[in-house]
Each structure stands twice: as structure tokens, then as C-alpha cells.
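Structure first, commentary second.
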Amino acid sequence: MKLPMCGMLVALLPAIAQDSGVKHLTVVPINSKKSTTVTALSIEREALYPAVVHLKGNVEIKSPVCLPVGKKGALVCDGYTLLRADEADFHEDTGEIEARGSVRLSPLRHEK
Numbered sequence: 041m042k043l044p045m046c047g048m049l050v051a052l053l054p055a056i057a058q059d060s061g062v063k064h065l066t067v068v069p070i071n072s073k074k075s076t077t078v079t080a081l082s083i084e085r086e087a088l089y090p091a092v093v094h095l096k097g098n099v100e101i102k103s104p105v106c107l108p109v110g111k112k113g114a115l116v117c118d119g120y121t122l123l124r125a126d127e128a129d130f131h132e133d134t135g136e137i138e139a140r141g142s143v144r145l146s147p148l149r150h151e152k
């Protein structure tokens, strides 16, 4: 009797893990060629693109790091930053982030 019960619990684990309530969105600011990924418990977007995306609860924003290089200032993107916060507003027109609450910013290494 213990064996079927364990099997049933193992079968339910993926369903429980997937039902965490975290939402995902990929946004591309007007001034960038690369996308930014955002996750939060609540994601609300104003009107039409470009808009302000309001994020609440376990916010994570993964943005590419792009810098102008050379005489012509061509953008070179290498690596990412990961911002974690309680709440944030992401401005699609500028890529600006207004973070509130417990805020942490971490550099991430280049992904191959």
C-alpha cells in the first residue's frame, strides 16, 4: 500500500511545481536589439507598445548589457544583469527600470 501512495505523490510533484503562479514575459525596448525577460507573480501592461509593464511579487528582470564600442559607436552586447525586487516598473520606450522594495542587482556571465 505504501508503494502506490509514493507513486501518486511523485506523479503530482510536477503539477505542483508548475503551479507556482509565476508569470513570464519577454519584452524588447525600443532602444535595444536584444530582448529582456521578466518574471513576477503579477504582470500588468499599460495600453499599447511601448508601454510601462508593472511587475509585483518576486520580480526578476534579466537584461542584456550592451555598450557602444569604436568610433561609430556600434552596440556590442555581452553578458546580462539580473535585477531582483519586490516590485518594479519596466519602461519599454527607454528600457528604464524603477525598482522598489528589497532590490538586488547581479551581473551574469556571458551565456554561450
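So the mapping is simple: the numbering used here equals the position in the sequence shown, first residue as 1, plus 40.
Just so it is clear, CB atoms sit at the ideal spot from N, CA and C, and this is done for glycine as well.
Asn98 to Lys63, Cα distance in whole Å? 10 angstroms
Examine the Cβ distances between the segment 66-76 and the segment 116-134 and report whether three or more of them are shorter than 8 angstroms. Between the segment 66-76 and the segment 116-134 there are three or more C-beta pairs closer than 8 angstroms, enough to call the two in contact.
Member of Leu95, Leu145 and Ala125 whose CA lies at the smallest distance from the CA of Glu86: Leu95
Length of the line joining the Cα atoms of Val93 and Ile83: 7 angstroms
How far does the beta strand (DSSP E) with Lys112 in it extend, from its first residue to its last? It is not in any beta strand (DSSP E) - Lys112 carries neither H nor E in the DSSP assignment.
Assigned exposure category for Pro108 - 16 Cβ within 10 Å defines buried: Of the other Cβ atoms in all chains shown, fewer than 16 fall within 10 Å of the Cβ of Pro108; this residue is therefore exposed.
Just verifying my parser: in three-state terms, what is the DSSP assignment at Val62? The DSSP-derived three-state label of Val62 is coil.
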